[in-house]
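Let me begin by presenting the structure, written as structure tokens, before commenting on it.
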Amino acid sequence: SVEMKVGRLNHIGIATPDIAETRDTYAALYGLDKVTAVKDFPELGVKVCFVDTGNTELELLQPLGPESPVNRFLEKNPKGGQHHLCFEVADIFAARDAMRARGATILGTGEPYTGAHGVPVIFVHPKDTHGVLIELMQEPA
Ligand code: CO
């Protein structure tokens, strides 16, 4: 619906060629040592680890395999960098439809799929948000 409004910032996605090194850097430099174990998500093409910052999370992403969607980002940014922002939405399908009605492009088929948090997500093309890739995520129950 046109009233769709995003909720809280769930996480900031950060691509890296070395997830363990990046995790250790955030702990050593910033004291962010509340971290999850690194987990492989073959269906998403990434290894993921979450860093709890208190009011949001960092989602560290390392490509898993040559087909990973993160590879192209790392070709442009070999040392890694900020990859996306993720906002929660109350209804992922309503959000998808609202984004399309507002003229935004949803990546891929546009069908929500299960992301690393275990809830449905979509991604909005960065060209629609001044260069920032935006993930919208169904609010965790
Ligand atoms: Co994400």
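Each residue of the sequence shown is one higher than the last, beginning at 5 in my numbering. For glycine and all other residues, C-beta sits at the position ideal for the given N, C-alpha and C.
Leaving out the 5 sequence neighbours to the left and right, which residues in its chain are closer than 6 Å to residue i when beta-carbon positions are compared?
| i | result |
| --- | --- |
| Q142 | I96, V123, P124 |
| N14 | C90, E92, M141 |
| Q66 | T20, I23, K51 |
| Y30 | L36, V55 |
Helix, strand or coil: how does DSSP classify residue i here?
| i | result |
| --- | --- |
| A24 | helix |
| E139 | strand |
| T133 | helix |
| P144 | coil |
| T109 | coil |
When DSSP builds the beta bridges, which residues end up paired with residue i?
| i | result |
| --- | --- |
| H15 | E61, C90 |
| D44 | K51 |
| G85 | A19 |
| V39 | V55 |
According to the Cβ coordinates, are residue i and residue j closer than 8 Å?
| i | j | result |
| --- | --- | --- |
| V39 | F45 | no |
| I16 | L68 | no |
| E47 | V55 | no |
| A120 | E63 | yes |
| G84 | I138 | no |
| R27 | E92 | no |
| A108 | D132 | yes |
Please go through the same chain and pick out, in chain order, the residues whose beta-carbon is closer than 8 Å to the beta-carbon of residue i, but skip the five residues on each side of it.
| i | result |
| --- | --- |
| P82 | P21 |
| R160 | Nothing can be reported for residue 160: it is not among the residues displayed for the chain, which extend from 5 to 145. |
| Y34 | none |
| V74 | A19, G49, V50, L65, Q66, P67, H87 |
Locate the alpha helix (DSSP H) running through residue i, then write down its first and last residues.
| i | result |
| --- | --- |
| I96 | 96-105 |
| K80 | 75-80 |
What span of residues does the beta strand (DSSP E) with residue i cover, start to end?
| i | result |
| --- | --- |
| I126 | 124-128 |
Leaving out the 5 sequence neighbours to the left and right, which residues in its chain are closer than 7 Å to residue i when beta-carbon positions are compared?
| i | result |
| --- | --- |
| V136 | L89, P130 |
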